[in-house]
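Below is one structure, written out as structure tokens; comments come after it.
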Amino acid sequence: MTSEHILQPQSGRLPHAESPISASFWEGCTKHELRYQRCADCGQAAFPPSEHCRTCLSFRLDWTTSAGLGEIYSWTLVHRPVTPEFAPPYAPAIVTLREATRCSPTSSESPPTS
Amino acid sequence: MSARKRRAAIVGVYNTRQGRRMDGETSRSLALEAVRGALADAGIELACVDGITSGALSPTLIYDLRLGPAWQGFGFGLGMITEAAAAIENGLAEAVVLVAAQAGEYRDHEATAPWTRPENEFVASWGMFTAAEFALIARRHMHVYGTTREQLSIVAATIRNNGARNPEAVYYQRGPFGSDDITASRPIADPFHLLDCATTSEGGCALVVANVEKFGVARPPIYVLGSGFYFYGPSYQHPPAWDLTGRSGTDPNGVVGRHASDLAFAHARLDRGDVDVLELYDPFSFEIIRQLEAFRFCPDGEGGPFVADGHIAIDGSHPVTTDGGTMSFSHAGTNPQMMQRAIRAVQQLRGDAGPLQVPDAHIALCSNGGAGALFTTVLLLGDQPR
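Chains as they are written, first to last, in our numbering: chain A, 2 to 115; chain B, 485 to 870.
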């Protein structure tokens, strides 16, 4: 099994945002952009989207776009069909984004992406 | 010794029949059977019950059993037991029934159980489900500490072989398994194969916690000696990172349960070496290795070699999950499978565990949860009030 096979894009439709807080993330996905929030006061990255910074509780969160580079923190390879939107095998992972580690003494996890 | 003698104790336990499908049963019919069974085991009349804890079903049961005005618990899993014991110690209730059951609600065995894949936009969108959540934790441990596939298989084979010898288990006589059999089962979410994972099944159970100074009980009371309940957030909504920490910066999610166990042992004035049997929650094989480290039964990173050395076998120094757990005994709904860790501990401490009895079992540790779910809870039970 080649990595090209495992990592091929999934074809299921993108979900609708469940609240205005996450709308920008899904809008980014339609443009092939990986967007996340960053605190304008303390610089900490926030994901999943939030109303406030999880570090300093500031409400001043700005959306920014990742360059899409990072380090795989952990991963799995799913062989079993879970929902119709995903065709196995696929590989959810936790990725530490390069921008997130640069700005923060602790690692910050991006969404597991397939 | 405690400043005041403990009065609250587990005095009744009951498991209904467990099965992959319980045709003709409903969650309510099994709950009623379990209530009656646990009260009969305790030797306490329904008319003496003045408290119920059954999650969202509590108000309905209070009405349908005509127990009002009754104390109502709000806890979950092992927390229900500590909450009920505290209510009794503080004079809020005298005899509390704890009950959970599931039948006929989730029958689609082609899909993973619905409670394992919440409809959150940041869960479904990654194709995540419980096996993958726990796999991300396990894979990180393998990466950092070199834990092996073989060590995971030893855990699953040990627990499944307990279930194979337990006449009440869904998978009674299914086995014995060697570690190679586990590894040879079909892959689910790397590193987990099918036999590393809990089954799904149906069934019910109940416990009675009562004031032993008020009731002459039929069987030896089992006491809550210590407990702890700690969480990192909602289950299955955020990436299950080993290194997730709160702002205190202590104990990352990877060792969640350590604080709970430290407090439980301190309250009980017991050491790890005092524990005779460990009824650990076993959603996936790796979780046992993780809990043994988190609860300080072995050093960090050494859980794999620890299980490979035979410690967790039924005749080992740290026998775990002696009924076969969620892999082989039963995994019904969200709550029975949690409470059943304590029911098994009570059976062990009473000497009722039949072919799987751990000799001279006086102290048991029970757990619920796991790092893939961002919480772990701990309960220490003993056959003396201490």
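Ideal Cβ placement from N, Cα and C applies to all residues, glycine included. On a predicted model such as this, the values are computed, not experimentally measured, just so you know.
Query                                                                                                                         : Result
Validate contact between the segment 637–644 of chain B and the segment 54–72 of chain A using beta carbons, cut 8 Å, 3 pairs : no
Amino acids of chain A, ordered along the chain, whose beta-carbon sits closer than 8 Å to that of B:M811                     : What B:M811 touches in chain A: nothing, since even the nearest Cβ is about 16 Å away.
Three-state secondary structure (DSSP) of A:C104                                                                              : The predicted position of A:C104 is uncertain, since its pLDDT is 46 and thus under 50; a value taken from the coordinates is nonetheless stated next. It is coil, neither helix nor strand.
Length-filtered (3 minimum) beta strand (DSSP E) runs lying within the segment 22–60 of chain A                               : 36–40
Cα-Cα separation between B:G561 and B:P783, rounded to whole angstroms                                                        : 27 Å
Between the CA atoms of B:L747 and B:F781 - distance to the nearest angstrom                                                  : 15 Å
Residues from the segment 54–79 of chain A in contact with chain B, defined by Cβ distance under 8 Å                          : T56, Y74, S75, W76, T77, L78, V79
Chain B within 8 Å of A:A101, Cβ atoms only                                                                                   : no
A:S12 in three-state terms, based on DSSP                                                                                     : coil
N- and C-terminal bounds of the beta strand (DSSP E) containing B:A848                                                        : 847–854
Neighbourhood of B:N645 by C-beta, 7 Å cutoff - its chain only, sequence neighbours within 5 removed                          : G659, P660, F661
Among B:G785, B:A845, B:N852, the one whose alpha carbon lies nearest that of B:M626                                          : B:G785
Own chain partners of A:E110 with C-beta closer than 6 Å, once the 5 adjacent residues on each side are dropped               : Residue placement at A:E110 is poorly supported in this model, since its pLDDT is 42, which falls under 50; the coordinates still yield a value, given next. Counting only Cβ-Cβ distances below 6 Å, and skipping sequence neighbours, we find I95.
Chain A contacts from the segment 605–622 of chain B (Cβ-Cβ distance under 7 Å)                                               : E605, F606, A608, S609, W610, G611, M612, F613, A616, A619, L620
Partners in chain A for B:P671, counting only beta-carbon separations shorter than 7 Å                                        : H80
Cβ neighbours of A:W64 in the same chain (closer than 7 Å, five flanking residues each side left out)                         : S25, R36, Q38
Proximity winner among B:L545, B:P767, B:A577, B:Q586, relative to B:S511 (alpha-carbon distances)                            : B:Q586
Endpoints, the alpha helix (DSSP H) within which B:I666 is located                                                            : 663–668
Alpha-carbon to alpha-carbon, B:Q721 and A:P112                                                                               : Because the pLDDT of A:P112 is 45, which lies under 50, any placement of that residue in the model is unreliable, and the number read from its coordinates should be weighed accordingly. Approximately 10 Å between the Cα atoms of the pair.
Proximal residues to B:G688 (C-beta, below 8 Å), its chain only, five neighbours per side dropped                             : N499, T500, S511, L514, A515, E517, A518, V583, A584, A585, Q586, A587, A816, P820
Rounded separation between A:M2 and B:A845 - CA only                                                                          : With a pLDDT of 47 at A:M2, under the threshold of 50, the modelled position of that residue is not reliable, and the figure given next carries that caveat. If you take the alpha carbons of A:M2 and B:A845, they lie about 49 Å apart.
Nonlocal neighbours in the same chain, by C-beta distance under 7 Å from B:A569, ignoring five residues either side           : A492, V693, V708
Residue burial classification, B:M485 (beta-carbon count within 10 angstroms, cutoff 16)                                      : With a pLDDT of 43 at B:M485, under the threshold of 50, the predicted position of this residue should be treated as unreliable, and no value is reported.
Reduced DSSP category for B:C689 - H, G, I as helix; E, B as strand; rest coil                                                : strand
C-beta contact flag for B:A619 and B:D674 at 8 Å                                                                              : yes
Backbone CA spacing between A:T114 and B:F859 [nearest angstrom]                                                              : For A:T114, the predicted structure reports a pLDDT of 41, less than 50, and the residue's modelled location is therefore unreliable. The matter cannot be settled from this model.
B:P803 burial status per 10 Å Cβ neighbour count (16 or more: buried)                                                         : buried
Residue-level contact to chain B via CB, A:E52, 8 Å cutoff                                                                    : no
Cβ-based burial, B:N737 [other Cβ within 10 Å; buried from 16]                                                                : buried
Below-8 Å beta-carbon distance, A:S25 vs any chain B residue                                                                  : no
B:D727 to B:R624 span [Cα, whole Å]                                                                                           : 10 Å
Selected residue, minimal CA-CA separation from B:T810, among B:W610, B:A653, B:G866                                          : B:A653
Supposed contact pair A:A18 and B:E605 - C-beta distance, whole angstroms, cut 8 Å                                            : 7 Å
Short CB-CB distance (under 8 Å) between B:H452 and chain A                                                                   : Beyond the ends of chain B as shown, which are 485 and 870, falls residue 452 of chain B; an answer cannot be given.
Residue environment, B:H795, which counts as buried when at least 16 other CB atoms sit within 10 Å                           : buried
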